[in-house]
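Structure first, commentary second.
Residue numbers (my numbering): 7 to 119.
Dropping the structure here:
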């Protein structure tokens with residue numbers, strides 16, 4: 007279970023890093039567009055390509071985030087199943103040890119009478 011959690015943490019860290027990089031790129035492109043708009047010049051085709059590339063990268067990151075969410079859900083379900091099993095085993099053990107203690111106690115009482 008721990009390796010799966012560690013893997014998810016690494017994947018989320020990677021996604022955060024990619025989103026930060028994309029954010030910086032978007033800020034740079036926005037600044038370039040704003041300065042082009044202020045100077046009333048035409049938007050260069052290279053700038054349009056950059057925006058299209060950013061959109062493509064953002065779509066890829068979105069797909070990765072959705073995959074991370076699916077993996078996180080699978081890990082959560084697995085952890086929940088393991089916890090349910092553990093609780094069931096604990097209840098079974100408690101009932102067995104509780105019953106044994108009652109049997110021992112009643113046996114001692116009968117022997118002393």
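Where a beta carbon is used, it is the ideal one built from N, C-alpha and C, also for glycine.
In terms of CA proximity to residue 8, 82 leads the group 82, 91 and 56. When Cβ pairs closer than 8 angstroms are counted between the two stretches, the region 53–60 is seen not to touch the region 68–84, the count staying below three. Taken through DSSP and simplified to helix, strand or coil, residue 9 comes out as helix. Secondary structure at residue 51: helix, using DSSP grouped into helix, strand and coil.
Residue 20 is positioned such that its CB atom lies no closer than 9 angstroms to that of residue 60. Three or more Cβ pairs closer than 8 angstroms define a contact, and the region 65–72 meets that threshold against the region 14–28.
Counting only residues of its own chain and dropping the five nearest sequence neighbours on each side, residue 38 has a CB closer than 7 angstroms to the CB of 53. Residue state for residue 45 is assigned as coil, using DSSP reduced to three classes. Remark: C-beta atoms of residue 64 and residue 102 do not approach each other more closely than 9 angstroms. Between residue 74 and residue 14, the beta carbon gap of about 7 angstroms places them in contact (Cβ cut-off 8 angstroms).
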